[in-house]
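These notes concern the structure reproduced below.
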Amino acid sequence: MKGYERFKDYLQRNGFPIVDEDDHSICFKFQGTSFFAWKHNSSYLQLVCILNTSEIDRDTL
Numbered sequence: 040m041k042g043y044e045r046f047k048d049y050l051q052r053n054g055f056p057i058v059d060e061d062d063h064s065i066c067f068k069f070q071g072t073s074f075f076a077w078k079h080n081s082s083y084l085q086l087v088c089i090l091n092t093s094e095i096d097r098d099t100l
């Protein structure tokens with residue numbers, strides 16, 4: 040499984056809505072704001088660490 044596939048699985052398992060996805064990027068919502076992660080050059084481990092350590096208000100997702 041590629042990095043972006045593991046990251047997409049992480050988002051789905053942890054309740055982060057996926058807004059859009061194409062061949063180059065995945066867009067997800069975090070605390071009411073949409074973020075893009077580029078499939079071929081994003082540091083997914085850093086993104087997971089940020090999402091895991093942030094105060095998340097699930098009502099705003």
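As numbered in this note's numbering, the sequence shown has no gaps in its residue numbers, which increase by one up to the final residue, 100.
Here a beta-carbon is modelled for each residue, glycine too, at the ideal position from N, C-alpha and C.
Fair warning: this is a prediction, and the values are worked out from it, not measured in the lab.
One question on the structure: do residue i and residue j come within less than 8 Å of each other, judged by their Cβ atoms?
| i | j | result |
| --- | --- | --- |
| F34 | F55 | Not covered by the structure: residue 34. The range shown for the chain is 40 to 100. |
| I65 | K78 | yes |
| S73 | V58 | yes |
Starting from residue i, trace the beta strand (DSSP E) in both directions and tell me its first and last residue.
| i | result |
| --- | --- |
| K78 | Unbroken run through K78: none, as it is neither H nor E. |
| F69 | S64 to F69 |
On a CA-only basis, which of the options is nearest residue i? Give me that one, please.
| i | options | result |
| --- | --- | --- |
| N91 | L50, D61, Y43 and G42 | L50 |
Where do the N-terminal and C-terminal ends of the alpha helix (DSSP H) with residue i fall, by residue?
| i | result |
| --- | --- |
| F46 | G42 to R52 |
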